[in-house]
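K.L.:
Please see the structure below; I have some questions.
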Amino acid sequence: MAIQFHTQHITKPKFKIGKTRTWLVNNAINEGFKIKEINYILMSDDDLLQMNIDYLQHDYYTDIITFDNTTDAEREKKQLVADIFISVDRVADNALQNNVTTNHELMRIMIHGLLHLCSYNDKTKAQQQLMRKKENEYLDVLFL
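Written as structure tokens, this is what we have:
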């Protein structure tokens with residue numbers, strides 16, 4: 019089990035790393051998975067925009083891009099391996115729009131990426147509603 023947090027061209031946001039790791043691990047377990055290796059890479063809007071263009075051919079800002087690196091053998095064992103890239107600029111904007119703290123929004127984005135790895139999608143309205151419900155359930159545990 020390994021969760022690492024990295025920054026690229028930004029100052030690392032302040033959050034409790036140990037508590038966040040434990041929370042993410044427990045959430046994965048609750049969904050029936052084990053985290054083998056997940057890297058959360060926090061970066062600027064411009065850096066994530068460039069990745070969105072280069073890897074997904076999307077020319078717009080986004081708050082998160084999740085790359086699932088899990089092999090078939092790991093998937094059979096319900097293990098998760100991924101790189102999750104997050105724009106701290108989008109997180110800050112989302113926090114303002116949603117009237118929550120930046121830390122709260124950062125945790126929401128982190129769990130959002132993890133839920134994608136656990137087979138949740140957000141393409142349809144129904145999927146988005148389920149994703150948001152799961153995010154809120156896990157955030158309630160963290161922030162109670």
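The numbers in our numbering rise by one with no breaks, and the one at position 37 of the sequence shown is 55. Note that the Cβ used here is the ideal one computed from N, Cα and C, for glycine as well. The structure displayed is predicted, hence computed values, not measured ones.
1. Buried or exposed for Arg93, please, with buried defined as at least 16 other CB atoms from any protein chain shown within 10 angstroms of its CB.
2. Which residues mark the beginning and the end of the alpha helix (DSSP H) in which His130 is found?
3. For Thr119 versus Ala110, is the C-beta distance shorter than 8 Å?
4. Count the CB pairs spanning the stretch 53-68 and the stretch 99-110 that are closer than 8 Å, and state whether there are at least three.
5. Could you pull the start and end residues of the beta strand (DSSP E) that Thr84 belongs to?
6. Just the Cα atoms here: how many angstroms apart are Tyr156 and Gln75?
7. Just the C-alpha distance for Leu42 and Met61, rounded to the nearest angstrom, thanks.
8. Quickly, what does DSSP pair Ser62 with across the bridge? List them, please.
9. Measuring only the C-alpha atoms, how far is Tyr138 from Leu98?
10. Report all residues from its chain with a CB closer than 7 Å to the CB of Lys96; omit the five preceding and five following residues, and keep chain order.
11. For the alpha helix (DSSP H) that Ile35 lies in, which residues bound it at each end?
12. Have a look at Phe23 and Ile56 and give me their C-alpha separation to the nearest angstrom.
13. May I ask which residues mark the beginning and end of the alpha helix (DSSP H) holding Phe51?
P.N.:
Once the coordinates are examined:
1. It is exposed - the Cβ of Arg93 has fewer than 16 other Cβ atoms within 10 Å.
2. DSSP places His130 inside the alpha helix (DSSP H), whose first and last residues are 120-135.
3. Going by C-beta atoms, Thr119 is not nearer than 8 Å to Ala110.
4. Yes: the two stretches touch, three or more of their Cβ pairs being nearer than 8 Å.
5. Unbroken beta strand (DSSP E) run through Thr84: 82-86.
6. For Tyr156 and Gln75, the distance between alpha carbons rounds to 31 Å.
7. Note on geometry: alpha-carbon atoms of Leu42 and Met61 lie some 20 Å from one another.
8. DSSP output for Ser62 lists no bridge partner at all.
9. Straight-line Cα distance between these residues: approximately 14 Å.
10. Same-chain partners within the cutoff: Gly50, Phe51, Lys52.
11. In the DSSP annotation of this structure, the continuous segment of the alpha helix (DSSP H) that includes Ile35 starts and ends at 35-48.
12. Cα to Cα, Phe23 sits roughly 9 Å from Ile56.
13. DSSP places Phe51 outside any alpha helix (DSSP H), giving it a letter other than H or E.
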